[in-house]
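J.: Protein sequence lines correspond, in order, to chains R and W.
Residue 645 is where the first sequence starts when you use the numbering used here, and the numbers rise one by one after that.
Residue 645 is where the second sequence starts when you use the numbering used here, and the numbers rise one by one after that.
Heads up, the beta-carbon is just placed ideally off N, CA and C, and yes, glycines get one too.
Below you'll find the structure I mean.
There are 2 protein chains.
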Amino acid sequence: MATSTKKARKSADADDMMDAKAVNDGSVASAADRVSETILQGIRAGAFVPGQHLLEPDLTRRLGISRGSLREALKHLAAAGIVTLNRFRGAYISTLDRKSVLDLLDTLEPLARLGARLAAENCGTDAQRKRMQLAAANIDAATKERNRGLYLDRRRQFYDAMIDIGGNMELARAMPLSRTDLFRAQVETIQTERQRMLHASGYAKITKAIVENDPVSADKAVKKHFDGTRKTIHELPPHAFPSLEI
Amino acid sequence: MATSTKKARKSADADDMMDAKAVNDGSVASAADRVSETILQGIRAGAFVPGQHLLEPDLTRRLGISRGSLREALKHLAAAGIVTLNRFRGAYISTLDRKSVLDLLDTLEPLARLGARLAAENCGTDAQRKRMQLAAANIDAATKERNRGLYLDRRRQFYDAMIDIGGNMELARAMPLSRTDLFRAQVETIQTERQRMLHASGYAKITKAIVENDPVSADKAVKKHFDGTRKTIHELPPHAFPSLEI
DNA sequence: TCCGTCAATATCGTCTGACGATTTCGTGTG
DNA sequence: CACACGAAATCGTCAGACGATATTGACGGA
Chain R
645 MATSTKKARK
655 SADADDMMDA
665 KAVNDGSVAS
675 AADRVSETIL
685 QGIRAGAFVP
695 GQHLLEPDLT
705 RRLGISRGSL
715 REALKHLAAA
725 GIVTLNRFRG
735 AYISTLDRKS
745 VLDLLDTLEP
755 LARLGARLAA
765 ENCGTDAQRK
775 RMQLAAANID
785 AATKERNRGL
795 YLDRRRQFYD
805 AMIDIGGNME
815 LARAMPLSRT
825 DLFRAQVETI
835 QTERQRMLHA
845 SGYAKITKAI
855 VENDPVSADK
865 AVKKHFDGTR
875 KTIHELPPHA
885 FPSLEI
Chain W
645 MATSTKKARK
655 SADADDMMDA
665 KAVNDGSVAS
675 AADRVSETIL
685 QGIRAGAFVP
695 GQHLLEPDLT
705 RRLGISRGSL
715 REALKHLAAA
725 GIVTLNRFRG
735 AYISTLDRKS
745 VLDLLDTLEP
755 LARLGARLAA
765 ENCGTDAQRK
775 RMQLAAANID
785 AATKERNRGL
795 YLDRRRQFYD
805 AMIDIGGNME
815 LARAMPLSRT
825 DLFRAQVETI
835 QTERQRMLHA
845 SGYAKITKAI
855 VENDPVSADK
865 AVKKHFDGTR
875 KTIHELPPHA
885 FPSLEI
C-alpha cells in the first residue's frame, strides 16, 4: 500500500533510492526487484502479515506492474522462503512454526558470528567505527520508540554494515536475513517489553567489540545475543506460531 | 449450532485436504525450475563454463520454453550468484576470483560444520547410516572414475543427505551449494591428482564421524576438509581464476 | 434435513507477440 | 585512417490469450 500509485506506465524511474546492495553496474532496479523490496518492506512494517493471501490481480493493480514482473518477484521471494506458492491457489506470506524459527536461528548464528569476527578484524577506519556505532544507536532509538517497522529496517542496516565492513560479500548472499525479518515480524508484536529491550541491548555489545577490534568478544557477544533470542522463543506462547489450516 | 456444524464439516474434510495437499506438493516442477536445474546440471557437467555468454533466443530454442519462463530462471540463478545479468548485454555464467572463492569457503564452512554436527546427532536409523555411507562411496567411485560431472552431482547428493538427516531445513536454504558447484567446476579441471584424491578422502572421514554419532569429530572432520580445500586454492596458479572479460 | 454430484468461477502456469531502450558493430564519408 | 551515423542485436516490460486445476455454490436424491 506504500505505493501511492501515481504511476501509470513508463514511470520516470527517478526512484533513485540508492539501493546499496546492487552489485550491478549502477543500473536501475528492475520492476521485479522493486516489487520484492516493496513486499519485504511491507512485511517489516506490518502491512503484510504471515499467512496472508497474495492475489496476483490485486497486486498487479496496486503496484502498477505486469503479471510477468510480479511473478518474477514472487518466484524470487519464494526461493528465499518469504512466500510460499501453491499451484492454482495463490501465494501466501510464509509462516514459521517454532521449530523453523529455532532452526533458522541455528543457521543464522554461525554466519552472524563469522560476520562479527570479520567486522572486528576489519574495522580500521573512523568512518567504519562511526557507521557501526550509528547503526547500533539507530536500533536503540527505534526500540525505544516502539516503532516496529523502523526497528526491523535498522536491524537490517546493522547487519548490512557489519557484513560490509567485514568485506566478505558471500556472507551477504548466504545470510537468511529476509527470512529472519519474517520471524521478527511474527514475534515482535507479542514479546514482552523486557525481552525487547534485552534483545536490543545485544547490538550495542556486539558493536562495542567490533569497534574495539576484538573478534573473540564479538563472536561471544553474537553467541549471547542468539542464546537470548532462543530463550525468548522458548518463552513465547504457542499462539505466536500459527499453525496454518489452509 | 450452525457455526458448529460448519466447522464439523470442515474438520471431516481434513483428511481429504491433507491427502490432496500431499499429492499437490509432489507435483511437477515449473518450467523455470526445470531450466534452472538444466543450467546447473550443465555447469556441473562442463557444458556451461564460467564466463560463457547466455543468449535468450538461443536458450529458448534449445530448451523449448518461452522467454518469460527463461527469464524467471535466469533471475533465480542470478539471485543465487550463478549467473550475472547485464542490461542489454545478456547473461553470463559467473566467474569467481580467488578472494571470492576463499570468502565462499569461509561462509560455507560454518554451515557445513553445523550440518555435520546435526547429522551426527541425528543419524539414528540403519537407513540413515546406509544413505550416508552410500553417498560417500558414490563420491569415491566418481572420483576414481575421473568423471567430473558425476562427482559434482554426488557431492551435491552427499550434502543433501547430510542436511536431510540433520533435520534442519533452513540449512538447505542457506547453504550456497550451487555457487560452490560453480567454483568446483572452475578448479576441478586444473587441480592435481593428489589434491583431488585428498579432497575426496575427506568425505569418508566426515561420514565415519556421522554414522558413529560423534558430532565433535564430525565438526573437526569438516574443518579439516575445508582447511585442505583452502590450501588447494592457495596452491592453484593464477590462471585458474580468470579475470573478468569484457 | 443432510449429503453427494456437478457446473461455474477463480486463479495459476505458460505462451505469443509487441514496443521501447540501450549497446554493439558495420559502413560510408571526409 | 579516423569518425559519425544507422542498422542489428539484445534486454526489460507489457498485454492478451489459452489450458489446467482448485474452490465454491447450487441442485437433486436419500
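What separation, rounded to the nearest whole angstrom, lies between the Cα atoms of W/P820 and W/P701?
T.: Taking the second sequence and counting its residues from 1, the one referred to as residue 820 of chain W is at position 176. Taking the second sequence and counting its residues from 1, the one referred to as residue 701 of chain W is at position 57. Those two C-alpha atoms are separated by around 29 Å.
J.: Going by beta carbon distance, what residues of the same chain come within less than 7 Å of W/G811, once the five residues before and after it are set aside?
T.: The sequence position of residue 811 of chain W within the second sequence is 167, counting from 1. L762 and N766, listed in sequence order.
J.: At a CB-CB cut-off below 7 Å, which residues of chain R make contact with W/A818?
T.: Within the second sequence, residue 818 of chain W is the residue found at index 174, counting from 1. Simply T751, A818 and P820.
J.: Assign R/K719 to buried or exposed, taking buried as 16 or more other Cβ atoms, counted over all protein chains shown, within 10 Å of its Cβ.
T.: Counting from 1 along the first sequence, the entry for residue 719 of chain R is found at position 75. Classification for R/K719: buried.
J.: With a threshold of 8 Å between beta-carbons, can R/K788 be considered close to chain W, or not?
T.: Walking along the first sequence from the start, residue 788 of chain R turns up at place 144. Cβ-Cβ to chain W under 8 Å: no for R/K788.
J.: Just to confirm the assignment: which complete alpha helix (DSSP H) runs, minimum length 4, are found wholly within the segment 749-801 of chain R?
T.: Segments of the alpha helix (DSSP H) lying fully in the segment 749-801 of chain R: 770-789.
J.: Please report how far the alpha carbon of W/A884 lies from the alpha carbon of W/Q830, in whole angstroms.
T.: Stepping through the second sequence from its first residue, residue 884 of chain W is reached at position 240. Stepping through the second sequence from its first residue, residue 830 of chain W is reached at position 186. Going by the C-alpha atoms only, they are around 7 Å apart.
J.: Run down chain W in chain order and give the residues with a C-beta less than 8 Å from the C-beta of R/E716.
T.: The residue you call residue 716 of chain R lines up with position 72 of the first sequence. In chain order: R715, E716 and K719.
J.: What residues from chain W crowd round R/G725, counting only those whose CB sits closer than 9 Å?
T.: Reading the first sequence from its first residue, position 81 is the one you call residue 725 of chain R. Going along chain W in sequence order, the residues near R/G725 (Cβ under 9 Å) are E814 and R817.
J.: Does DSSP put W/I737 in a helix, a strand or coil?
T.: In the second sequence, counting from the first residue as 1, residue 737 of chain W sits at position 93. DSSP places W/I737 in strand when its eight states are reduced to three.
J.: Please name the residue or residues paired with W/T728 in a DSSP beta bridge.
T.: As a first step, residue 728 of chain W must be located in the second sequence, where it is residue number 84. In the DSSP output, where bridge partners are listed per residue, W/T728 has W/Y736.
J.: Quick one: what does DSSP say W/F870 is sitting in, helix, strand or coil?
T.: Reading the second sequence from its first residue, position 226 is the one you call residue 870 of chain W. Correct three-state label for W/F870: helix.
J.: Scan the segment 675-686 of chain R for residues whose Cβ lies nearer than 7 Å to a Cβ of chain W and list them as they occur along the chain.
T.: So the list reads A676, given in the order they occur along the chain.
J.: Less than 8 Å separating the beta-carbons of W/G725 and W/L698?
T.: Counting from 1 along the second sequence, the entry for residue 725 of chain W is found at position 81. Counting from 1 along the second sequence, the entry for residue 698 of chain W is found at position 54. Not in contact: W/G725 and W/L698 (Cβ atoms no closer than 8 Å).
J.: For R/H878, does the count of other Cβ atoms within 10 angstroms reach 16, so buried, or fall short, so exposed?
T.: Taking the first sequence and counting its residues from 1, one reaches residue 878 of chain R at position 234. R/H878 comes out exposed.
J.: So R/E814 is in the alpha helix (DSSP H); what residue range does that whole segment cover?
T.: Position 170 of the first sequence, counting from 1, holds the residue named residue 814 of chain R. First-last of the alpha helix (DSSP H) with R/E814: M813 to A818.
J.: Among the residues of its own chain, which have a CB less than 6 Å from the CB of W/I854, if the five just before and after it don't count?
T.: Taking the first residue of the second sequence as position 1, residue 854 of chain W is located at position 210. Taken in chain order, the residues that qualify are A763, A764, C767, M776 and A862.
J.: Using a cut-off of 7 Å between C-beta atoms, extract the partners of W/P754 located in chain R.
T.: The residue given as residue 754 of chain W occupies position 110 in the second sequence. Going along chain R in sequence order, the residues near W/P754 (Cβ under 7 Å) are P754, L755 and L758.
J.: W/S744 CB to nearest chain R CB: under 8 Å?
T.: Sequence index remark: in the second sequence, residue 744 of chain W carries index 100 (1-based). Yes, because at least one Cβ of chain R sits closer than 8 Å to the Cβ of W/S744.
J.: Would you mind telling me which residues of chain R sit closer than 8 Å to W/L748, beta carbon to beta carbon, in chain order?
T.: Reading the second sequence from its first residue, position 104 is the one you call residue 748 of chain W. Within 8 Å Cβ-Cβ: E814.
J.: Contact between the segment 840-856 of chain W and the segment 787-794 of chain R is defined here as three or more beta-carbon pairs at a separation below 8 Å; is this criterion met?
T.: Cβ pair count under 8 Å is below three, so no.
J.: Would a C-beta distance cut-off of 8 Å place R/I683 and R/L721 closer than the cut-off?
T.: Residue numbering aside, residue 683 of chain R sits at position 39 when the first sequence is read from its first letter. Residue numbering aside, residue 721 of chain R sits at position 77 when the first sequence is read from its first letter. Yes.
J.: Quick one: any contact between the segment 822-842 of chain R and the segment 685-694 of chain R, if contact means 3 or more CB pairs under 8 Å?
T.: Yes, they touch.
J.: Assuming W/A865 and W/A780 make a contact with CB atoms under 8 Å, what is their CB distance in whole Å?
T.: If you number the second sequence from 1, residue 865 of chain W lands on position 221. If you number the second sequence from 1, residue 780 of chain W lands on position 136. W/A865 to W/A780, Cβ: 11 Å. No contact.
J.: So which residues on chain R does W/G712 lean against when the C-beta distance must stay under 9 Å?
T.: In the second sequence, the residue the question calls residue 712 of chain W occupies position 68. Simply G712, R715 and E716.
J.: I need the DSSP call for W/T880, collapsed to helix, strand or coil.
T.: What you label residue 880 of chain W is simply residue 236 of the second sequence in a count that begins at 1. In the sequence on display, residue 880 of chain W carries Leu and not Thr. In this structure, W/L880 counts as coil in the three-state DSSP scheme.
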